[in-house]
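Engineer:
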Amino acid sequence: MNDSLDARIESLATLAEEARKEFATATHEEQLNQLKARYLGKSGSLKTIMESLKELSPDQRPILGKTVNQTKQEVLQALEDRRVQIREEKRRQELAHRWIDLSLPGRQRDQGAIHPLRSVTRELFSIFRSLGYDVAEGPCVEDDFHNFSALNFPPDHPARDMQDTLLLKNGALLRTHTSPVQIRTMQANRPPIRIIAPGMVYRCDADVSHSPMFSQIEGLWVDEKVSLADLKGTLTTFARRYYGPDVPIRLRPSFFPFTEPSCEVDVGCVFCPRGGSCSVCHDTGWIEILGAGMVDPNVFEAVGYDPEKVQGFAFGLGIERVAMLKYGINDIRLLFENDVRFLRQFAK
Ligand code: DAH
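Residues 9 to 356 in the working numbering are what the sequence shown lists, from first letter to last.
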C-alpha cells in the first residue's frame, strides 16, 4: 500500500518536472493553453492521479490529496511564469520591428491666432463701446440712394468719381464706404444715436496700399447739441487710447459731400524719431488716419430729420490702414492673402 502512495507521490514529482520542461519549449500562448488542459484539465494527468485516491487507505488519502494540491499549484505557477515570459518575448520582438527614435524632434502643432484685422477691430470696438457707442451693420450690396444720393452726392457730382464704384447688373452696387449705414441707422431710429458700423467696402482699385475690398469703421453721433468740439474730444480720446497717451492729433480742413465742415484727422507719426528720415510719414511727422466732419443738413433732410433741431458728427476710418500703421505692415495685400508665415507673427 505504502509503495503505491510513494509511487504516486513520485509520479506527481515527475509530472511537475515534465510539465515545467514542456512549458519551457512552448513559444505561443495557445500551446500553453493546450498544455494546461493536458496537465490540469478535466481529463488531465493530475485529475487521473487524484481519482486514484479512492484506491488508497483512509490515512493515506489526505497525504496524497495534499501533495496533489501542492503539485497543482506548482504547475500552475510554472505555467503562468512561462506565460509572462512568452508575452515579454513577443513584445520585445514587436518593439524590435517598430522602434521609436526618441531623438527625433517632436511634431509642432500650429497655434491659432487672431487675425490682425480682427484684433484691431476688437480694440476699436472696446474703445468706442466705452464711450457709449453701439455697433450697427448694413448690407454690402447697396443702392444708389443709400450709398450716394442720401449722402448728398448729386447725380452728376464729380464727387462720385472720388470712388471707383463696382456696379452690379441689376442697378445695385457694392458699397464704396460704410457711410450708407449712417443713412440706414437714421432712417430706422430717432436721435439720440451713437453708433459705430464696421464692414467690408469695395472699390475698383488695387496696389500696395489699396485693395478692391477692404474694411472701414463708420462712426455717427446725432443728438440735439453735438459740436465740432465733441468730435475733436472723441477722436482725441480714441487716438490716445489706441496709439498712446502722448500722441498728438490735428484736424485738417477737407471735403466730403456728407459733412460740413469736413476734416481729415492726422496723428503724430508713431514710427519716426522726430527729425529722422521716415518712410511712413515722409518726414511730415503726421499720418492721416480718418475722415470726419459735422453731418451736412442735406443728409438730415434725406432721412427725414429736421436739421434745425439735430446736430451730429460722423467719421470713417480704414481698418487696414490702422492695422498697417500699428504693426508696421507695408503691403495691404498681406492682410488678405492668409499666408501663415505672415499670420504666425501675430500669435501671442
Ligand atoms: N466715407 C468716407 C470714405 O470712404 C470716409 C468718411 C469721411 C466717413 C468723413 C465719414 C466722414 O463719416 O464724416 O472716404
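Glycine included, every Cβ here is placed at the ideal spot set by N, Cα and C. Just so it is clear, the structure is predicted and the values come from calculations on it, not from any experiment.
Let's test the definition: count the other Cβ atoms within 10 Å of the Cβ of A237 and tell me whether it reaches 16, buried, or not, exposed.
Structural biologist: Exposed.
Engineer: Hey, would you say the C-beta of L110 is under 8 Å away from at least one heavy atom of the ligand DAH?
Structural biologist: Checking the Cβ of L110 against the ligand DAH gives no.
Engineer: If you count every other CB in all the chains shown that lies within 10 Å of the CB of S138, and 16 or more means buried, which is it?
Structural biologist: So S138 counts as exposed.
Engineer: Mapping the DSSP letters down to three states, classify L112 as helix, strand or coil.
Structural biologist: Coil at L112, not helix or strand.
Engineer: Restricting to Cα atoms, I'd like to know which of V234, L243, V143 and P113 is closest to V189.
Structural biologist: Comparing Cα-Cα distances from V189 to each of V234, L243, V143 and P113, the minimum goes to V143.
Engineer: For a quick check, are the C-beta atoms of F133 and I204 less than 9 Å apart?
Structural biologist: The answer is yes: Cβ separation under 9 Å.
Engineer: Let's test the definition: count the other Cβ atoms within 10 Å of the Cβ of S51 and tell me whether it reaches 16, buried, or not, exposed.
Structural biologist: It is exposed - the Cβ of S51 has fewer than 16 other Cβ atoms within 10 Å.
Engineer: Distance, Cα to Cα, G312 vs I257?
Structural biologist: Distance between the alpha carbons of G312 and I257: 34 Å.
Engineer: Can you list the alpha helix (DSSP H) stretches of 4 or more residues lying completely in the segment 165 to 226, in chain order?
Structural biologist: If we require 4 residues or more, the alpha helix (DSSP H) runs fully inside the segment 165 to 226 come out as 188 to 196.
Engineer: Between the Cα of T245 and the Cα atoms of F136, I17, D89 and R16, which residue gives the shortest distance?
Structural biologist: When only C-alpha atoms are compared, the closest one is F136.
Engineer: Can you tell me which of I297, D314 and M302 puts its alpha carbon nearest to the alpha carbon of I327?
Structural biologist: Considering only alpha carbons, the answer is I297.
Engineer: Below 8 Å on the Cβ atoms is my contact criterion, and I expect Q224 with H185 to pass it. Report the Cβ-Cβ distance as a whole number of Å.
Structural biologist: Correct: roughly 6 Å between the Cβ atoms.
Engineer: Could you please give the first and the last residue of the uninterrupted beta strand (DSSP E) stretch that includes L325?
Structural biologist: It spans Q319 to G326 - the beta strand (DSSP E) in which L325 sits, taken as one unbroken run.
Engineer: Looking only at its chain, what residues have a beta carbon closer than 7 Å to the beta carbon of A158, apart from the 5 residues adjacent to it on each side?
Structural biologist: Excluding sequence neighbours, A158 sits near I191, V307, A310 and V311.
Engineer: Using only the alpha-carbon positions, how far apart do E232 and Y250 sit?
Structural biologist: Roughly 29 Å separates the two Cα atoms.
Engineer: Would the beta-carbon of L298 be found less than 8 Å away from any heavy atom of the ligand DAH?
Structural biologist: Yes, since a heavy atom of the ligand DAH falls inside the 8 Å radius drawn around the Cβ of L298.
Engineer: Specify the secondary structure class of F133 as computed by DSSP and reduced to three states.
Structural biologist: If DSSP states are grouped into helix, strand and coil, F133 belongs with the helices.
Engineer: With a threshold of 8 Å, establish whether the CB of T186 neighbours any heavy atom of the ligand DAH.
Structural biologist: Result yes, Cβ under 8 Å from the ligand DAH.
Engineer: Sorted by chain position, which residues of the same chain lie with C-beta nearer than 7 Å to R61's C-beta, five sequence neighbours on each side aside?
Structural biologist: The amino acid at residue 61 is misidentified as Arg; the sequence shows Leu. Excluding sequence neighbours, L61 sits near R69, L72 and G73.
Engineer: Less than 9 Å between the C-beta atoms of L54 and L13, yes or no?
Structural biologist: No. Outside cutoff.
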